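I have placed the structure first, in the form of structure tokens, so that the comments after it can refer back to it.
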Amino acid sequence: MRDLFLIGFLFSLFALGLRRPFLMVLAYIYIDIVSPQRLTYFLLNTVPISLMAVIAAVGGWALFDDKRDSRFTMRQGAILLLLAYCAITTFFGADFPTEAKEKWDWVWKALAFAVFLPLTLRTRLRIEALLLFMMLSVASIVIVGGVKTLFSGGGYGELNLMVSNNAGLYEGSIISTAAIAVIPIILWFMRYGTVYPPDWRVRAFALGLIFACLLIPVGTSARTGLLCIGLLAVLMLRDVKRRLLYIGTLAVAGMAVVPLLPSSYTERMNTIRSYQGDESASTRLAVWKWTLDYAASHPFGGGFEAYLQNSFRYDLTVVEGSAHDSKVQRKVTTDRARAYHSSYFEMLGEQGWPGLFLWLGINIAGLLRMEALRRRYRSVEDPLHWGGQLAGALQHGHMIYLLGAAFVGIAYNPFLYQLIAAQIGLDTYLTRKSREARVKQVPGRRPPPEPGPLRTVAPSA
Numbered sequence: 072m073r074d075l076f077l078i079g080f081l082f083s084l085f086a087l088g089l090r091r092p093f094l095m096v097l098a099y100i101y102i103d104i105v106s107p108q109r110l111t112y113f114l115l116n117t118v119p120i121s122l123m124a125v126i127a128a129v130g131g132w133a134l135f136d137d138k139r140d141s142r143f144t145m146r147q148g149a150i151l152l153l154l155a156y157c158a159i160t161t162f163f164g165a166d167f168p169t170e171a172k173e174k175w176d177w178v179w180k181a182l183a184f185a186v187f188l189p190l191t192l193r194t195r196l197r198i199e200a201l202l203l204f205m206m207l208s209v210a211s212i213v214i215v216g217g218v219k220t221l222f223s224g225g226g227y228g229e230l231n232l233m234v235s236n237n238a239g240l241y242e243g244s245i246i247s248t249a250a251i252a253v254i255p256i257i258l259w260f261m262r263y264g265t266v267y268p269p270d271w272r273v274r275a276f277a278l279g280l281i282f283a284c285l286l287i288p289v290g291t292s293a294r295t296g297l298l299c300i301g302l303l304a305v306l307m308l309r310d311v312k313r314r315l316l317y318i319g320t321l322a323v324a325g326m327a328v329v330p331l332l333p334s335s336y337t338e339r340m341n342t343i344r345s346y347q348g349d350e351s352a353s354t355r356l357a358v359w360k361w362t363l364d365y366a367a368s369h370p371f372g373g374g375f376e377a378y379l380q381n382s383f384r385y386d387l388t389v390v391e392g393s394a395h396d397s398k399v400q401r402k403v404t405t406d407r408a409r410a411y412h413s414s415y416f417e418m419l420g421e422q423g424w425p426g427l428f429l430w431l432g433i434n435i436a437g438l439l440r441m442e443a444l445r446r447r448y449r450s451v452e453d454p455l456h457w458g459g460q461l462a463g464a465l466q467h468g469h470m471i472y473l474l475g476a477a478f479v480g481i482a483y484n485p486f487l488y489q490l491i492a493a494q495i496g497l498d499t500y501l502t503r504k505s506r507e508a509r510v511k512q513v514p515g516r517r518p519p520p521e522p523g524p525l526r527t528v529a530p531s532a
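Listed below in structure tokens is the structure:
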């Protein structure tokens, strides 16, 4: 039954895309995030639906879309440069050529689509539609995980999110990061959305989805998720009017929730303070130290999957017994071929210092531009106030993602580049609208003609 539903949904989406080509772009977003081909037992897992969707999306834009308002920005150029640099390290400098090409097969698609996507985001409706598909695609995973957490309590490595492997957003720490990162966008839709006007039904669903998002770090027992929740709470201080009331409410809610949390979750969160005794945390520190030493002798990186050559020893501190009668043991542990568990060290080890600085530049530039837009359109009387608020939501979601990225290797995850593409699209749209508003104020000058209404321009929708 699930297979039939997914096949019917995708068939309907592709059929609608024949009349509204932009829906093919949204279909690719859904496929990229949810990976329905991995959820089915037949048909979809044998058909290259991702390739079909991207060909339809790019072809529909090239043949039918109105390109008058499409702009190629410096950030798109930077992503294209990162794509070229990754190609060089993959085909001419990879320490493990075979494994590197396997990762390259999906990384280049994420980067290339991030360069293409902003070219299609020329209206507010399209920007909202993109974010809505991203949010609801994540929600299809989050709601399942939230329901299972309520009934089972979850556990580290035990929460099944529709599939039994950890690829893509289905890994515990990654989905915890993405789930918290979309909360600012959900809050924006509760106030400013136009696809679904924010009535009581939209608000009820949004609040339920936010609750499910907050349950994901509990169900997965991901420490990364707890840190992301903390950052979200701090960032929301920028927008609340009664900050003391907000802080007090958080404190009371925290004290009320802690006794209800499963013991497996609280025990794992306690390892944040005693990381020396946690093998996972100790391994990460050892891998990061190895990566720094590797980058000192290989400043241009070792290509994708360069971590396969690491080998190191580290001290693990184990405390046994009670607090009054404890015994401390130290043992030396040897490990090898351990993943980076950090996007920053992932970039450093695989693409070297040039790749790391380029990646950081792309992300930091996005944060700065969103802050500039947030400040520029902060006045409630401004007709583009909604855009300033959306810039703030995208900035907050981006910052939460980058915090989670410090503890899990998601530097190339398509979700990040879709978020950046939405930022670029919003930036170019608001810049164009502001320029048109200034032209209207100049006597004797006429602004460029607006595209026709969505319902009357079928090929470009």
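Note that the working numbering gives residue 350 to position 279 of the sequence shown, counting from 1, and the numbers run on in steps of one. For every residue, glycine included, the Cβ atom is placed at its ideal position computed from N, Cα and C. As the structure is a computational prediction, the values presented were derived from the model and not from experiment.
Nearest Cα to residue 104 within the set 266, 194, 485 and 78: 485.
DSSP, read as helix, strand or coil, puts residue 364 in helix. When only Cα atoms are considered, residue 214 and residue 72 end up about 19 angstroms apart. Rounded to the nearest angstrom, the gap between the Cα atoms of residue 176 and residue 121 is 13 angstroms. Here DSSP, grouped into helix, strand and coil, assigns residue 270 to coil. By the neighbour-count definition (other C-beta atoms within 10 Å, threshold 16), residue 450 is an exposed residue. Collapsing the DSSP output to three states places residue 137 in coil.
Within 10 angstroms of the beta-carbon of residue 93 lie 16 or more other beta-carbons, which makes it buried.
In this structure, the CA atom of residue 443 is about 34 angstroms from the CA atom of residue 242.
Per DSSP, reduced to three states, the secondary structure at residue 82 is helical. In the displayed model, residue 505 falls within a helix according to three-state DSSP. Inter-segment contact for the region 472-484 and the region 409-428 is present: three or more beta-carbon pairs are separated by less than 8 angstroms. DSSP, read as helix, strand or coil, puts residue 450 in coil.
Counting of Cβ neighbours within 10 angstroms places residue 76 among the exposed residues, the total staying below 16. A residue is called buried when at least 16 other Cβ atoms come within 10 angstroms of its Cβ; residue 489 meets this threshold and is buried. The closest CA to that of residue 464, considering only 453, 497, 475 and 454, is found on 497. Residue pairing by DSSP leaves residue 111 without any beta bridge partner. The way I'd put it, the region 185-204 does touch the region 124-138; three or more beta-carbon pairs between them come closer than 8 angstroms. Excluding residues up to 5 positions away in sequence, 217 and 220 lie with their Cβ nearer than 6 angstroms to the Cβ of residue 286 in the same chain. Straight-line spacing of the CA atoms in residue 469 and residue 118 works out to 33 angstroms.
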